[in-house]
Structure formats: C-alpha cells, structure tokens
Amino acid sequence: MRIRLNTYLACVIVFLCASTECIYPQKLKWNFGLSRKQSSEVIPHSKHSFQTAKPKKKVVEPGELSPLSDWEYQLSKGWEMIEGYKARAAEKSVFTQDLDTSEWYSATVPGTVLTTLVDQGVYPDPYWGLNNLLIPDTLCRMDWWYRNSFSIPRSKKGEKVKLILNGINYKAEIWFNHQLLGTMVGAFERGIFDITPWVDYDKKNLLAIRILPPNNPGIPHEANKKEGIGPNGGALCLDGPTFISSEGWDWIPGIRDRNMGIWQDVRVKFGNKLEIVDTHVIADLPLPDTTSVNFIVQTEIYNSSKTTCTANLHFNIGGVSAVYPVSLNANEKRMIKLTPHECKELQMKSPRLWWPNGYGEQYLYKASLSLISPNKDTLDVKKMRIGIRELEYELSAYEDNAPVVRLNYNPTAALQDGKPVFDAVKRKKTDSKVRYTNYDGEFVPNLLKPVSSQGIELIKDSLMKEYMVIKVNGQRIYCKGGNWGMDDGMKRVSRERLEPALKLHKNMNYNMIRNWTGESTEEVFYELCDEYGMLVMNDFWLSTDGFNLNPLDNCLFIKNVTETVRRFRNHPSIALWCARNEGFAPNELEYMLAATLAKEDGSRHYTGNSRSLNSSGSGPWRYQFDAGWYYRSLAGGFRSEVGTPSLPTAETVREFMAEEDTWPISDVWYYHDWHNHRYGSKTFSELYKEGVDRKLGRSDNLDDFCKKAQLINYESHRAIFEAWNSKMWNDASGVLLWMSHPAWPSMVWQNYSSNGETAGAYYGAQKACRPLHIQMSLNSQHKVDIINTTLKEYRDLKVGVTVYDKVGKKIRSLQHKVGQVTANALTSVTQLDDIKGLPDFCWVKLVLTTNNGKLLDDNVYWLNQKEWDGKVLANLPVSSVNVSVKNFTKKTNHYEGRLIVKNPGQYLAAAIALTLRDAKTDAAVRPAYFDDGYFYLMPGESKEVCFQVDCKERVDKLLLRVDGYNVELKDILLNR
Numbered sequence: 021m022r023i024r025l026n027t028y029l030a031c032v033i034v035f036l037c038a039s040t041e042c043i044y045p046q047k048l049k050w051n052f053g054l055s056r057k058q059s060s061e062v063i064p065h066s067k068h069s070f071q072t073a074k075p076k077k078k079v080v081e082p083g084e085l086s087p088l089s090d091w092e093y094q095l096s097k098g099w100e101m102i103e104g105y106k107a108r109a110a111e112k113s114v115f116t117q118d119l120d121t122s123e124w125y126s127a128t129v130p131g132t133v134l135t136t137l138v139d140q141g142v143y144p145d146p147y148w149g150l151n152n153l154l155i156p157d158t159l160c161r162m163d164w165w166y167r168n169s170f171s172i173p174r175s176k177k178g179e180k181v182k183l184i185l186n187g188i189n190y191k192a193e194i195w196f197n198h199q200l201l202g203t204m205v206g207a208f209e210r211g212i213f214d215i216t217p218w219v220d221y222d223k224k225n226l227l228a229i230r231i232l233p234p235n236n237p238g239i240p241h242e243a244n245k246k247e248g249i250g251p252n253g254g255a256l257c258l259d260g261p262t263f264i265s266s267e268g269w270d271w272i273p274g275i276r277d278r279n280m281g282i283w284q285d286v287r288v289k290f291g292n293k294l295e296i297v298d299t300h301v302i303a304d305l306p307l308p309d310t311t312s313v314n315f316i317v318q319t320e321i322y323n324s325s326k327t328t329c330t331a332n333l334h335f336n337i338g339g340v341s342a343v344y345p346v347s348l349n350a351n352e353k354r355m356i357k358l359t360p361h362e363c364k365e366l367q368m369k370s371p372r373l374w375w376p377n378g379y380g381e382q383y384l385y386k387a388s389l390s391l392i393s394p395n396k397d398t399l400d401v402k403k404m405r406i407g408i409r410e411l412e413y414e415l416s417a418y419e420d421n422a423p424v425v426r427l428n429y430n431p432t433a434a435l436q437d438g439k440p441v442f443d444a445v446k447r448k449k450t451d452s453k454v455r456y457t458n459y460d461g462e463f464v465p466n467l468l469k470p471v472s473s474q475g476i477e478l479i480k481d482s483l484m485k486e487y488m489v490i491k492v493n494g495q496r497i498y499c500k501g502g503n504w505g506m507d508d509g510m511k512r513v514s515r516e517r518l519e520p521a522l523k524l525h526k527n528m529n530y531n532m533i534r535n536w537t538g539e540s541t542e543e544v545f546y547e548l549c550d551e552y553g554m555l556v557m558n559d560f561w562l563s564t565d566g567f568n569l570n571p572l573d574n575c576l577f578i579k580n581v582t583e584t585v586r587r588f589r590n591h592p593s594i595a596l597w598c599a600r601n602e603g604f605a606p607n608e609l610e611y612m613l614a615a616t617l618a619k620e621d622g623s624r625h626y627t628g629n630s631r632s633l634n635s636s637g638s639g640p641w642r643y644q645f646d647a648g649w650y651y652r653s654l655a656g657g658f659r660s661e662v663g664t665p666s667l668p669t670a671e672t673v674r675e676f677m678a679e680e681d682t683w684p685i686s687d688v689w690y691y692h693d694w695h696n697h698r699y700g701s702k703t704f705s706e707l708y709k710e711g712v713d714r715k716l717g718r719s720d721n722l723d724d725f726c727k728k729a730q731l732i733n734y735e736s737h738r739a740i741f742e743a744w745n746s747k748m749w750n751d752a753s754g755v756l757l758w759m760s761h762p763a764w765p766s767m768v769w770q771n772y773s774s775n776g777e778t779a780g781a782y783y784g785a786q787k788a789c790r791p792l793h794i795q796m797s798l799n800s801q802h803k804v805d806i807i808n809t810t811l812k813e814y815r816d817l818k819v820g821v822t823v824y825d826k827v828g829k830k831i832r833s834l835q836h837k838v839g840q841v842t843a844n845a846l847t848s849v850t851q852l853d854d855i856k857g858l859p860d861f862c863w864v865k866l867v868l869t870t871n872n873g874k875l876l877d878d879n880v881y882w883l884n885q886k887e888w889d890g891k892v893l894a895n896l897p898v899s900s901v902n903v904s905v906k907n908f909t910k911k912t913n914h915y916e917g918r919l920i921v922k923n924p925g926q927y928l929a930a931a932i933a934l935t936l937r938d939a940k941t942d943a944a945v946r947p948a949y950f951d952d953g954y955f956y957l958m959p960g961e962s963k964e965v966c967f968q969v970d971c972k973e974r975v976d977k978l979l980l981r982v983d984g985y986n987v988e989l990k991d992i993l994l995n996r
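The numbering of the sequence shown is the working numbering, which starts it at 21 and goes up by one.
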C-alpha cells in the first residue's frame, strides 16, 4: 500500500504533537522528498555519456548447495528472477517445477534486483556517465519473484532441516514446495524456517521468494547544475530498517530498485531436536590487569521435541574447555548464562588481546559452543571468532538535581542486570557556545544508576569536558577514521569487493569506521573490521532529526535492531551503537532502543545521538580555504563528521564519463556529486574550485585542474586530522572524516576513488594519522608537536625543522632533542618563531628521527604570508627523481616492494606520486598500498617507500610510474 499525501500530512501532525522537545522550533521542515519528477529541462543532459545495454543470452544453471561446513550449505547457484506481473501472466504457477522459465533472468544471489538486471545486460552500468537516468524508477514500485530448484542431500548431522535467509529487502514471502513458510520485513531481519516436513530427498525442491517493494520508495532528485543536489532522502525514511540513502543523497543518486532483492545469502542448515540460538561471548578482563580473562557465555537453547532432552554444553576457546549440563522440557527455549561461578574453567591466563589498528595486534581466537548428547553425538555446534577485548568509556552525565560529573563507564559490569544506565530523553544541555554546525547544542544524558555503582566510577578530567573517550583493554584509543555512507550503492558486498577498502583504511592508519545509518550492516563488513582493527561506530536507520522523517513502525524498527545486535554482537570491532545520525530518536523509540540494547548487548555503550550527546557536533563539509580555521574554530571533542571535497585524478574521471564531458565541467560532473549548494555568494563547488585556482592558478583542461586539486586535497585532509591531533586528550578524543569510502564514482567526499585509486586526500590523511607523527599547527603559533598514538614510549629522538625557499634552497635549519615521547600522548617540541623574517613563501620541513638518524616521520608544509594569487607555485622548475628498487617479491597472493626515491637535482620535487601499471597495457593496477605518497624531496634528499599490491589476473609484469607536481614522469619495470 502506498502512503498518500493526506497520510503524509497526518504523520507530520502526529510527529509534531508527539514530540516533547522541539529542537528546531523556528525552522522545522520535514523532508518528504519530491512530490513529482523533475522537468526534462533540468535533468542532466549529455550527447556522449550514455551507453547501450547488451542483453546476455540466458545460461541455465541447475540449483546447487555448496558446503560451508558439515552442517550448513549455501544456495548460490541456479537462481532465476522475473517481474511479478510477468509471473502472474504465465500459464503455470510460479510454484510448479515444470514452469517455463526461459523468459526469467539468471539471477545474482546474493544481490539486488538491479544487480541482476545489470549483470544480465538489461540495463547499462548505472555508475558510468548518466546511465542511471536510463533505468526506470519503476523497479522499486513492483514485486519480483525469485526461484531455485535444487536437491537436498540427507545428512548424518541431523534430520531437522532449516532454511535461512540472511537478508532481503524490503519485504518477502517465502514459499517452499508449495508451502508458505512465512514473511520477512526490513533489510536486516533473518528468516529462519523449519522446512523438515516438506523436504523431498528424492526430487528437486522448489524455493520461491516474492520480494515486495518498500511502502514509500519516494522520488529521487537527479542532481543537476540548476537545482543542485536536492534533499537528502525523502519518503523512504518512513519505512525504517532499509537502505534509506538509496532514494538519493548528496553523495549518491537514487538507486532505481532501492536495493530490493535477496541481498544476503540463502542457506540450508541441518540440525537436531536441541539447538543453539544466538550465542553471545563476553570477555571480562580484571582491568587494568590484562594478564587473565573471564568469559561470560550467554546463549538460548531450544528443545523442539515433544520430550525432555538432556545434553552437555561445551565451550572451547584457545585451550579453555568448559562443560555445563542442560536439561530442557518439551518445546522449551531457555537462556543459559555461564560465568566462572558456574564453570570455573571459563578463565584464561595470558590471553592474546584484540586491539584497534596501531595499538596492537588484531588476534582472533577460534571458539565453539557445542551440544553433546549422552551418547556423545554432536547435536549442534556454533563456531565463532572471538577477539578478547573489553570496552570502557569516559564520558559525562548528570544525576537528578545534581551537577554534571565525569565518569569511567564499563558496560560489562554496569549492564549485568540488563537495564539501561543512561537516559537520553532526559538529557541536559551543557554548553551554550556550541562548536560550528552543532545546531542543537551539546548534551549529556541522565544517569539512571548511582555513581560508584558497579561499572560506574567517578573520575577527574576537566580537559575532556563532557566528550566521550573510547577505551579498549583499559587504554584510551585516539579515534581517527571515516564514515561509510554505504559500502556499495548496489549492495555488491562480497569479501572480494570490500577487503581492499579495509586494507586501504588500515594503510591510512585509521582505526575507526562509522557505519552511517547502518547502510553497511552485514557479516563480511564486521569480519573485515575485526581483521583490520577498525572500531565501528554503528548507527541505526535514522537520519537528521527535524528534517528526515521518523519511521512509521517502531516495532518493526526494534525487531530489526534486535536481529542486528544478536547477529553481530560477538564482533570485537563494534565499539558503539548509535540511535540516529544527527539527532535523537523520537522519545518512545529512544526508550525502546535503550532497553533493547541493554538487554541484548551487555558489553557496549549505546548513545542516542551521533553529534550532540557527549560529542562535539558534525560538519562542516565544504572546503575551507584557510586550513588554520580547523585549529582555531573547530577542532575538539569527539566529532563524527567533518568533510572537505576530494576530486579524483583525471584518469579516474575519464573512467566514468565520456571524454567530451570531462572538460569543461559538465552536467555529468553535477550528477556525480559536483555540488552547487549555495553558501552565501558562492556554491560548494565554487568554493573548492576557487581554492584550487587561487592557490595554484586557473586551469584550462581536466589534467591540470585535477593535478592541482590533489595538492589541495592533501592539504585539507591532513589539516582536519592534524587539527584534532593538536588537542589530543586536551579537549579532543577523535574525529571521523566525511567520507572515507565512496559508494559509487563520486566527485566529492572520499579518501580514495571507487576504483581504488589513492591520491591527494588519501596520502594527506595517511600522513596525519601515522602512529608516530611529527606535525606543525597551522594557526598563528605554528607549534611543532609529536603525536604518539601507540602504547610504546620513545626516548632520545631528534626533531629537525628546516625552512626552504620556493625552489628548495635551504634558508635555515634547527635541531631539537626530545628526551621522552610519552605513549599515547602529545609531546610538545617547539614552535616556528619569527616567521616575519622568512620569505613571503617558503616550505617548512619537519623530520623526526632516532638518535642515530633513523627516519621515523617527516612532514612538509607550505607557508605563504601574502595573499594567494595563483602565481606563487605556477612556475616551479621541473625536477627529476631517481628510483632504486631494493626489493620486489611475489608472495602467495600479493607482491611486496621496497623503493628508494632520490632527488639528485638542485630543485625540490613536489608531491611525488607513485602508482602501479600493467606493463603490457599501461592500465592502472589498483589498489596499491604505498606507505607514503604525494611527498616532497628537497635537493639531495632520498626516501624509502614500501608497498604491497594484490596479485591480479592477466597481469604478469608491473611498472612503477613516478610523477609529481613538478616532477618528470618516469616508468620503472619492477619484475623483469
């Protein structure tokens, strides 16, 4: 059923009347998106950036179960799909084995409807040019049928057979051998169905799934030059647990099927009358001591038989083995909670801990929970990977009729009763002088349990004010990372697709990813975050309070929340659950969320707001011409979003549009997120282009503009992180970039491009986030600090501060000895004095070394004391660098290399970029994981650079390409 306009208005009235606190009383405007399609006059146009789809000949593939274990199989082959209206028009029922499916599409499962249609050549690649405009938006306004006919083998593991759907969108009816098994609603619900009575072991079994669209798919705004980016989302937000950005946001166009389909895998699992349900393993460390750990094991056991059943519950992890007898009555489901009190064996000495990236290793134990019958038969088994770590949080709250206090909060201890610790509805405003773009102020929650009760400790820390600090294993973690709006706009989320992105984040020295509005909620995402040491700030499916619509069905929302928490709570990477992007949930929903999270996950903090509760706001998202502004006006607190544009290189731009549309700036640019939202007299993109033009000169072609943009990207992305670094633990505990990961080929927010290309934004962030880092503040003080975000203390280091003129001639140089660099802290070194005595433009190079001269880090800044006029760096002399390949080795599935890059000339070499190419085709080989890029070498200097790249099919020989802002291009063959 579609929601009509009068229903919309009624919903608005309900929302307004139900609200007990109006955050935006003067400018409240709910965003329902467009009410009609845009006119053809403003829709982006191009004579070149459209492609013709080429339908593929259908290949009939029989259904097949692929084993995942002795107990479980995946149904990945043999899927077919068709529009619902075509299925209804067929002569035979969709449930009949002999149905003629010659007109059905060979379906991609897991995958969305659109993924199948693109894979089968029905529509062209929606990511290229303006192809997305060729795809009808009716895909999300109809139902679709999926079918699979497959054999099910008899299993020695058990006679009970279950069908498991790990994710559909938006609604589904599930039929098996003519039987309606049930329905599913929401993208994050599991469907688990007992199909034992209807399994046919002698014939093919027919699974038919009807996928129904969201109730409120909305009308996407097509970004264009005249109207801009349009509203973020719209009516789809009413439907709650789905991919709300797929209606279109300011970083992605409307996805035509709204990511409908069987987007996660389908499995068949064998079992017995006793089964294990949703196990939760909590590591309880006697902090601050980490030399031992107690395990808390919670799980439901279900007896589906008509008689009492007994068994032994076995838990195993890293040499620890515990056994606990259970007995369940007929049809009983019981929650079992085991601690060392019930099983003294649930203890481990000298555990290997899991740490975020940069703070230690990401060790993952193999663990299992099994039910063993009196006859020694295994009735069920649950296998897991467990990272031993414990989360704590420093934050501020208040008790009724009492002032705000600073707390150390340990959820593992404080949530043992399954009841919330904080109340975000009864929040208190703390600061009238809010930071930039924190529209609704800064708040702390009400404390529901007494100070000094279990897991709640009063601490003294005036420096961090009310802001949250995340702690792992008793250590503060300085959070640095980025937001993922969505992993992929079409939800193509295999390990093969996502793992390179996680490697890039680790290589950037990040340690946190925000799963913005829960769009990347799937098993493989959390698995990879576990492996690569990324803490996860995990939102649920609500966006900006007072603008984006609230969900219509709270119970549906909570059902999907419960499923999400139960499925993924064993992942050590998840550090924070968050109710809403940029705002608070409606009061009723907030109370439901808080109660659900306290009951279902007693090991993590749940916060009610991404930017205003124990946080310092969000934004801005536009280019700041003066990088020192971040230091003076923004840096501080825990901030979940700060953004600046990031135009890709010219090579990447050419990969997703026709050459004719690449220059001058065309409609295709605007469709791919070249924003023209107005800020005063200038638009978003004008501010960015003006920055490039004023600092580096106007461009008359794509290559020149993109080349210059990389220097601007490097400077701005480095400045965001270094501004926060400059206040480490002194008002600042972390910052997340908006965004680190693109969902499609974009012109705006990203550390790397959707094709894996790494350029200025990537290496600027990588430099600022190095675990041991030397930096200079870009405010008037020009302080030089060492930022140590490791648990290692350093002694007897040296810092060199050298000033060069525009072409690289040394003006002055000073050396400073640093006796001690404290672990996990900022160490002040010096400041750049008497800059008025320096040339109007100069370079400042910082070098951090050991006492014997080993390089630990370096950093180069431009310092311009006059107005930028576009001419300062316009005529840098051309430089040439030499590269020596010291090592290039093929490992099992990747190459590793070590290079020495040297500048033998008399002029500086600026923004030296290293990329890899296929020696035969000259095609870029991406991603490549270099540990430095866009770096500067002064005359006579050299630098060691290490890199890795995964082995690629049909790429036998690799070239290293060396380029730069004023550097001659060179190619070096790596493997002869």
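Here a beta-carbon is modelled for each residue, glycine too, at the ideal position from N, C-alpha and C.
Predicted model, so just to flag it, every value in this text is computed and none were measured.
With H, G and I counted as helix, E and B as strand and the rest as coil, what does DSSP make of residue i?
i: residue 356; result: strand
i: residue 300; result: strand
i: residue 609; result: helix
i: residue 863; result: strand
i: residue 1003; result: Because the chain here runs from 21 to 996, residue 1003 falls outside it and cannot be looked at.
i: residue 714; result: helix
i: residue 786; result: helix
i: residue 73; result: coil
i: residue 174; result: coil
i: residue 1011; result: Here the chain covers residues 21 to 996 and nothing more, so residue 1011 does not appear.
i: residue 538; result: helix
Excluding the five sequence neighbours on either side, which residues of its own chain have a C-beta within less than 8 Å of the C-beta of residue i, listed in chain order?
i: residue 683; result: 721, 722, 725
i: residue 309; result: none
i: residue 434; result: 441, 469, 473, 474, 475, 476
i: residue 907; result: 916, 917, 918
If we ignore side chains and look at the alpha-carbon of each, how far apart do residue i and residue j end up?
i: residue 774; j: residue 995; result: 27 Å
i: residue 688; j: residue 245; result: 9 Å
i: residue 356; j: residue 190; result: 33 Å
i: residue 137; j: residue 143; result: 6 Å
i: residue 549; j: residue 523; result: 10 Å
i: residue 168; j: residue 600; result: 38 Å
i: residue 506; j: residue 737; result: 21 Å
i: residue 1049; j: residue 382; result: Given a span of 21 to 996 for the chain in the structure shown, any question on residue 1049 remains unanswerable.
i: residue 369; j: residue 300; result: 21 Å
i: residue 271; j: residue 807; result: 32 Å
i: residue 850; j: residue 866; result: 11 Å
i: residue 718; j: residue 249; result: 25 Å
i: residue 651; j: residue 805; result: 14 Å
i: residue 801; j: residue 855; result: 10 Å
Use the C-beta contact count for residue i: other C-beta atoms within 10 angstroms, 16 or more gives buried, fewer gives exposed.
i: residue 446; result: exposed
i: residue 470; result: exposed
i: residue 853; result: exposed
i: residue 920; result: exposed
i: residue 221; result: exposed
i: residue 225; result: buried
i: residue 26; result: Only weak support is given to the placement of residue 26: the predicted model assigns it a pLDDT of 40, under 50, and the question is left unresolved by the model.
i: residue 105; result: exposed
Sorry if obvious, but does the Cβ on residue i come closer than 6 Å to a heavy atom of the ligand SAH?
i: residue 335; result: Looking at this structure, you won't find the ligand SAH or any other ligand, since it has none at all.
Report, in whole angstroms, the separation of the C-beta atoms of residue i and residue j, which I expect to be a contact under 8 Å.
i: residue 779; j: residue 668; result: 7 Å
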